[in-house]
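Here the structure comes first, spelled out in C-alpha cells, and everything after it is commentary.
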Amino acid sequence: MSKVLAVIPARWESTRFPGKPLALLKGTPVILHVAAQARKCKRVDEVVVATDDARIRDVVEKGGYRAVMTAPHHACGTDRITEVAQNSVAGIIVNIQGDEPMIDPASVDRAVEALLNDPTLNVATLAVPIRDDETFHDPNAVKVVFDDNNMALYFSRAPIPYNRGKAQGAPRHKHLGLYVYRRKFLLEFSRMEQGGLEKTEQLEQLRILQNGMGIKVIITATDSIGIDTPEDLKRAEDMLNG
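Offset between the sequence shown (1-based) and the numbering used here: plus 81.
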C-alpha cells in the first residue's frame, strides 16, 4: 500500500495576516494546532511542515514535528508541497492548509481512503453542506457542484447552483481546501499551464477540471475554519472556548 505523506505549507508573508502560522490560538501557534490534527489522521504515515521561514521551522521542530525548508519564490502552497513531493517516496500526498487549525482528522482519512480504494482516482477533496445564505453568497467561501458519482463539475466563488425555480432543499456545498493527490499526478499538475477559468476565479483546482481530469468530492458534516485574518483567529478562539 502506498505511503501517505501529509504536507502542511506555511509561509510568513501574508497580505492580510503576516506571520499567521505563529499567531497564538489558545496559547499555541496555529501551525502546531494544524500539525497536531494532521498527526491524528489514521491514514497518514508521516507529517511534515513545508516553510520558507526559519522562525516557523524552529517553532515546528521545537514542538516535536518535522519541518522542511523550501524555496522562497513559490507562488502558492501547491508549489511548496510539490517541492517536498519531488524528494519523497510517498505515493500519496495530502495537502493540509497551514491555516486550518480545526481540520477534522476523520474527514482527511476519508479523502485519503478514496484514493487508496480506487486506483483510477488522482485527486480527492472535501466539501461540507452550506446551511446559511451568508456563506452561500460569500465570495471567500468557495462553492462546489458535483455529479452523481461525487466527481466535481465546477468550483466557484459565485453562489452555485443558481436556484432559479426556488426549489426546496437545493444542494449547496462549500469546498474545504484539503487535497489528496497521487504523487505522480501532483508533479504533472504543477507543470500544467494556468487556464482562463483558474485566472478568472483565482482557484487553482479549476486547472485540473479545465484539463479534463477529475476530482472526487468527499462530503463531510464537519466544517473547518481557515485563519485568513486576525478576526478569523478570534472566531476560532471563541469556538474552541465553546
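The beta-carbon is built from N, C-alpha and C at its ideal position, and this holds for glycine as well.
Since we're looking at a predicted model, the values are computed, not measured.
If you look at residue 254, you'll find it in the beta strand (DSSP E) that goes 254–263. In this structure, the beta-carbon distance from residue 305 to residue 184 falls below 7 Å. Residue pairing of residue 297 in beta bridges, as defined by DSSP: 205 and 232. Residue environment analysis places residue 277 among the exposed positions, since fewer than 16 neighbouring C-beta atoms fall within 10 angstroms of its C-beta. In this chain, the beta strand (DSSP E) harbouring residue 132 covers 127–132. Between the segment 137–157 and the segment 186–194, the count of C-beta pairs closer than 8 Å stays below three; the two stretches do not touch. Under the criterion of beta carbons closer than 8 Å, residue 90 and residue 179 qualify as touching, at roughly 5 Å. Residue 132 and residue 151 do touch by the CB rule: their CB atoms are close to 7 Å apart, below 8 Å. Nearest to residue 253 by C-alpha distance, out of 269, 229 and 224, is 224. Our two residues, residue 86 and residue 128, have alpha carbons roughly 6 Å apart in a direct line. Short of 6 Å from the beta carbon of residue 153, and not among the five residues preceding or following it, lie these beta carbons of its own chain, in chain order: 133.
Per DSSP, residue 116 is not a residue of any beta strand (DSSP E); the alpha helix (DSSP H) it occupies stretches across 111–120.
Within a 10 Å sphere around the beta-carbon of residue 182 sit 16 or more other beta-carbons, which makes this residue buried. Look at residue 284 here: in three-state DSSP terms it is coil, with no helix or strand label. Look at residue 176 here: in three-state DSSP terms it is strand.
The alpha-carbon separation between residue 103 and residue 140 amounts to approximately 8 Å. Burial state of residue 122 is buried, judged by a 10 Å Cβ sphere holding 16 or more other Cβ atoms.
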